[in-house]
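Residue numbers (numbering that gives the first Met the number 0), protein chains in the order written: chain A, 0 to 260; chain B, 0 to 324.
Built from N, CA and C at the ideal position, the CB exists for glycine as well.
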Amino acid sequence: MNFAIPTPGIRRRSITGLWLRHAVAFVRYWKFVITWVLIEPVVALVAVGFGIGKLVTEVEGAESYAEFVTPGLIMGSAMFHALFETSWNAYNRIDNDVYETALTTPITVLEVTLGDILWAITRALMTTIGVAIVAVIFGWIDGWLAIGILIPAVMMGALFGAMGFLFSAVAPHTTFLTLVFTLVATPLYFFSGAFFPISILPEWVQPIAWAMPLTPGVHIARGFALGNLDITHLWAAIYVVALTALMWPAAVYLLRRRLIK
Amino acid sequence: MGRGDVTEESNPNAAAASPRNPIIQVEGIRKLYGGIAAVDGITFSVQPGETYGLLGPNGAGKTTTMRMLSGLAPVDSGTISVAGIDVVKDSRAVREVMGVVTQHDGLDGGLTVFQNLILYGFLAGLSRKHAKNRTHEVLEFFGLRDRSKSNVYELSGGMKRRLAIARSMMISPRVIVMDEPSTGLDPQSRNRVWEELAVLKEAGVTVLLSTHYMEEATVLCDRLSILDNGKILDEGTPDQMIERHAPKEVAQLRVLPASLRIVREYLTQREITFREVGALVSVTGLNGDRPDLSGLNDVDGVRTSYRAGNLEDVFLAITGRELRD
């Protein structure tokens, strides 16, 4: 590995600067982005909660299907936002030389990933908080423990924020980024226990579903939402941290290879 | 546009600089891409206050050299020092004091003109207040103040380029490296950029620029290197280079297609060296003396004019190829 830019410590200003950049750009276009942060997931929540909720009368551990599905949908939305930020948006920043410009200031690629992942976490939190408030109004989330959902939201933001770079850093063109959704987001969304308990899947599929990186997020969020935390939620958290610890350095390596050459 | 005062050797900034202490010192840098040397052992130095040019065609290694100076490309071997800082060892420290204008403007389309500058200033290390004040100053200087709230994509190509240069000025650098400052600009915008670079020079800023426009090199540079295939072929002031390699005078024949064959035969028979660039036939043949073209006076569709030798001729003489291909 060729460390073109040595990283003697991390410079906080780089991360703050990038985070502020994203926040400013977000605020400038908030009318458009808010539709995705709030309206889209709420539409899904209402449709699934009221619609499918009517058909499903029994689901393990929850009083209603809406209560069961809410933390899953929230984590799904957190995943989409974090992934999108560091795949599509980051790709555009690569393509439009926004990172290159930043790198002509005393900033390192490692700090670029940290600033962007921090913003991915912020987006994951925004959608989590927004949708959770709506769910509280509907009575599908209650109890103070549910605030704990913010913890898996941060975890999913970091994990999928790092993962998105694995695509943007190697993408030759935007069409390549379609893979983020076809290979990652969509399968995870439907097979991570968001919509139904993994236990009802065929037995041979279950380990695969458990290994998927969104699954532990959904599991932890549901633990907080339904107030039934146990040791399995700790394992899930450790699994997420371990995955993030693998993906983030890979993201730094790939992005450095892309930008410093 | 003729050669302005900026290229005179008697330039006060260049004269005041001590030749012993170059602000940019590049020694034997090399860079391989897939086994092919993009930059193949380049050495040069730039004095404080000087404007130094790397002149060469596309693919000569100019951009790679500029990227190595700003730490965007790791060097394979060789050393670079800028303002006493070892770029190879500590590129972060260099980027605190050196302005960089990359080949593509690299403006942030998600932000306004003002926000582009203030963000850059902040990332470069200015306090938020200082960055804000400096943004106002820089916008004023580059005549972009009434554009400060514009989206970047609303700007013309010339304005974008000037904004990119303005951005590099946010940290009030002593040294700026600029990769092809006026490539892709219309002549009017180009002149505007040149004017602004002349003002920077007057303010004592050292500029290293790359270009494949011989006019740009002639107008802006105190000294320059001719770069081809990753190597420096010669170095000097524009005047020295022209004196060394170019004929004093070049005859240019504007020839209608019907008469082209006659002209070719005439020149070939008299062993006069010439080259054809589009509809122009340039006769560079005789050393210092005007070639005898009197026999072409009666040929229909031939118009003859004479111009002084320029850097384009220098490049041709050294490499045997046109600067622009």
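When A:237, A:22, A:198 and A:79 are compared against residue 59 (chain A), the one with the closest alpha-carbon: Translated into positions along the first sequence, residue 59 (chain A) becomes position 60. Comparing Cα-Cα distances from residue 59 (chain A) to each of A:237, A:22, A:198 and A:79, the minimum goes to A:198.
Enumerate in chain order the residues of its own chain whose CB-to-CB distance from residue 64 (chain A) is below 6 Å, with the five nearest sequence positions on each side excluded. For the purposes of this step, residue 64 (chain A) is taken as the residue at position 65 of the first sequence. Contacts found: 52, 55 and 58.
CA-CA distance, residue 246 (chain B) and residue 85 (chain B)? Taking the second sequence and counting its residues from 1, one reaches residue 246 (chain B) at position 247. Taking the second sequence and counting its residues from 1, one reaches residue 85 (chain B) at position 86. One C-alpha to the other measures close to 41 Å.
Proximal chain A residues relative to residue 153 (chain B), where beta-carbon distance stays under 8 Å: Within the second sequence, numbered from 1, the residue matching residue 153 (chain B) stands at position 154. Those within 8 Å of residue 153 (chain B) in chain A number zero; the least Cβ separation is about 14 Å.
Could you give the C-beta distance for residue 120 (chain A) and residue 153 (chain A), rounded to a whole number, given that I count them as a contact under 8 Å? Here residue 120 (chain A) refers to the residue found at position 121 when the first sequence is read from its first residue. Here residue 153 (chain A) refers to the residue found at position 154 when the first sequence is read from its first residue. About 5 Å; that satisfies the 8 Å criterion.
Output the boundary residues of the alpha helix (DSSP H) element that contains residue 134 (chain A). Walking along the first sequence from the start, residue 134 (chain A) turns up at place 135. First-last of the alpha helix (DSSP H) with residue 134 (chain A): 108-137.
Using the Cβ count rule (16 or more neighbours within 10 Å means buried), how would you classify residue 136 (chain A)? Counting from 1 along the first sequence, the entry for residue 136 (chain A) is found at position 137. Around the beta-carbon of residue 136 (chain A), fewer than 16 other beta-carbon atoms lie within 10 Å, marking it exposed.
Let me make sure I understand the geometry here. Which of A:75, A:49 and A:80 has the alpha-carbon closest to that of residue 66 (chain A)? Translated into the one-based positions of the first sequence, residue 66 (chain A) becomes position 67. Of the residues A:75, A:49 and A:80, the one whose Cα lies closest to the Cα of residue 66 (chain A) is A:49.
Assuming residue 39 (chain B) is part of the alpha helix (DSSP H), what are its boundary residues? Numbered from 1 along the second sequence, position 40 holds the residue referred to as residue 39 (chain B). It is not in any alpha helix (DSSP H) - residue 39 (chain B) instead sits in the beta strand (DSSP E) that spans 35-45.
Cβ pair residue 301 (chain B), residue 252 (chain B) closer than 7 Å: Counted from its first residue, the second sequence places residue 301 (chain B) at position 302. Counted from its first residue, the second sequence places residue 252 (chain B) at position 253. Yes. Within cutoff.
Can you have a look at residue 190 (chain A) and say buried or exposed, based on whether 16 or more other CB atoms are within 10 angstroms of its CB? Within the first sequence, the letter at position 191 stands for residue 190 (chain A). When all chains shown are included, residue 190 (chain A) counts as buried.
Are there 16 or more other CB atoms within 10 angstroms of the CB of residue 278 (chain B), so buried, or fewer, so exposed? Within the second sequence, numbered from 1, the residue matching residue 278 (chain B) stands at position 279. By the neighbour-count rule (16 or more Cβ atoms within 10 Å), residue 278 (chain B) is not buried but exposed.
For the alpha helix (DSSP H) containing residue 190 (chain A), name the first residue and the last one. Here residue 190 (chain A) refers to the residue found at position 191 when the first sequence is read from its first residue. For residue 190 (chain A), the enclosing alpha helix (DSSP H) has its first and last residue at 185-190.
How is residue 114 (chain B) classed by DSSP in three states: helix, strand or coil? Indexing the second sequence from 1 puts residue 114 (chain B) at position 115. Helix at residue 114 (chain B).
Coil, strand or helix - residue 177 (chain B) by DSSP: Here residue 177 (chain B) refers to the residue found at position 178 when the second sequence is read from its first residue. In the three-state DSSP reduction, residue 177 (chain B) falls in the strand class (E or B).
Buried or exposed: residue 227 (chain A), going by 16 or more other Cβ atoms within 10 Å of its Cβ? As a first step, residue 227 (chain A) must be located in the first sequence, where it is residue number 228. The C-beta of residue 227 (chain A) has fewer than 16 other C-beta atoms within 10 Å across all chains shown, which makes the residue exposed.
Among residues of its own chain, excluding the 5 on either side of residue 181 (chain B), which ones have a beta-carbon nearer than 8 Å to its beta-carbon? To locate residue 181 (chain B), count along the second sequence from 1; it is residue 182. Apart from the 5 residues on each side of it in sequence, residue 181 (chain B) sits with its Cβ closer than 8 Å to the Cβ of 160, 188, 189, 192, 193, 210, 212 and 215 in its chain, given in chain order.
Which class does residue 316 (chain B) belong to by DSSP, given the choice of helix, strand or coil? The residue given as residue 316 (chain B) occupies position 317 in the second sequence. Per DSSP, reduced to three states, the secondary structure at residue 316 (chain B) is helical.
Is DSSP giving residue 190 (chain B) helix, strand or coil here? Translated into the one-based positions of the second sequence, residue 190 (chain B) becomes position 191. Here residue 190 (chain B) sits in helix by DSSP.
In three-state DSSP terms, what is residue 153 (chain A)? As a working note, residue 153 (chain A) is residue 154 in the first sequence. The answer is helix: DSSP assigns residue 153 (chain A) an H, G or I state.
Could you spell out the range, first to last residue, of the alpha helix (DSSP H) harbouring residue 94 (chain A)? Here residue 94 (chain A) refers to the residue found at position 95 when the first sequence is read from its first residue. It spans 89-94 - the alpha helix (DSSP H) in which residue 94 (chain A) sits, taken as one unbroken run.
Pick from B:299, B:119 and B:43 that is closest to residue 100 (chain B), judged by C-alpha positions: The sequence position of residue 100 (chain B) within the second sequence is 101, counting from 1. Checked all of B:299, B:119 and B:43; the closest Cα to residue 100 (chain B) is B:119.
Using the Cα positions of residue 72 (chain B) and residue 162 (chain B), report the straight-line distance between them to the nearest angstrom. As a working mapping, residue 72 (chain B) is identified with position 73 in the second sequence. As a working mapping, residue 162 (chain B) is identified with position 163 in the second sequence. Roughly 24 Å separates the two Cα atoms.
Using beta carbons (cut-off 7 Å, strictly below), is residue 108 (chain A) in contact with chain B? For the purposes of this step, residue 108 (chain A) is identified with residue 109 of the first sequence, where counting begins at 1. No - not a single Cβ of chain B is within 7 Å of the one on residue 108 (chain A).
How far does the beta strand (DSSP E) with residue 234 (chain B) in it extend, from its first residue to its last? Working through the second sequence from its first residue, we reach residue 234 (chain B) at position 235. Annotation: the continuous beta strand (DSSP E) that includes residue 234 (chain B) extends over 230-235.
Those residues which DSSP pairs with residue 24 (chain B) across a bridge: As a working note, residue 24 (chain B) is residue 25 in the second sequence. DSSP lists B:44 and B:80 as partners of residue 24 (chain B).
Tell me, please, whether the CB atom of residue 57 (chain A) is closer than 7 Å to any CB atom in chain B? Within the first sequence, residue 57 (chain A) is the residue found at index 58, counting from 1. Nearest CB-CB separation between residue 57 (chain A) and chain B: not below the 7 Å threshold.
Limits of the alpha helix (DSSP H) - the one that residue 64 (chain A) falls within: Start at 1 with the first residue of the first sequence, and residue 64 (chain A) comes out as number 65. Membership of residue 64 (chain A) in the alpha helix (DSSP H) is indicated by the continuous run 64-83.
Looking at C-beta atoms only, is the number of pairs between the segment 133-147 of chain A and the segment 104-112 of chain A that lie closer than 8 Å three or more? The segment 133-147 of chain A vs the segment 104-112 of chain A: no contact.
Beta carbon of residue 249 (chain B), beta carbon of residue 281 (chain B): below 7 Å? Start at 1 with the first residue of the second sequence, and residue 249 (chain B) comes out as number 250. Start at 1 with the first residue of the second sequence, and residue 281 (chain B) comes out as number 282. Yes, the pair counts as a contact, with Cβ atoms nearer than the cut-off.
Residues that DSSP places opposite residue 252 (chain B) in a beta bridge: Counting from 1 along the second sequence, the entry for residue 252 (chain B) is found at position 253. Residue 252 (chain B) pairs with B:280 and B:303.
Using the Cβ count rule (16 or more neighbours within 10 Å means buried), how would you classify residue 102 (chain B)? Indexing the second sequence from 1 puts residue 102 (chain B) at position 103. Its Cβ being crowded by 16 or more others within 10 Å, residue 102 (chain B) is buried.
I think residue 72 (chain A) touches residue 47 (chain A), with their Cβ atoms under 8 Å apart; what is that distance to the nearest whole Å? Here residue 72 (chain A) is taken as the residue at index 73 of the first sequence, counted from 1. Here residue 47 (chain A) is taken as the residue at index 48 of the first sequence, counted from 1. Indeed they touch by this definition, with Cβ atoms about 7 Å apart.
Taking 7 Å as the limit between beta carbons, can you name the residues of its chain near residue 43 (chain A), skipping five residues before and five after? Numbered from its first residue, the first sequence carries residue 43 (chain A) at position 44. The residues are 72.
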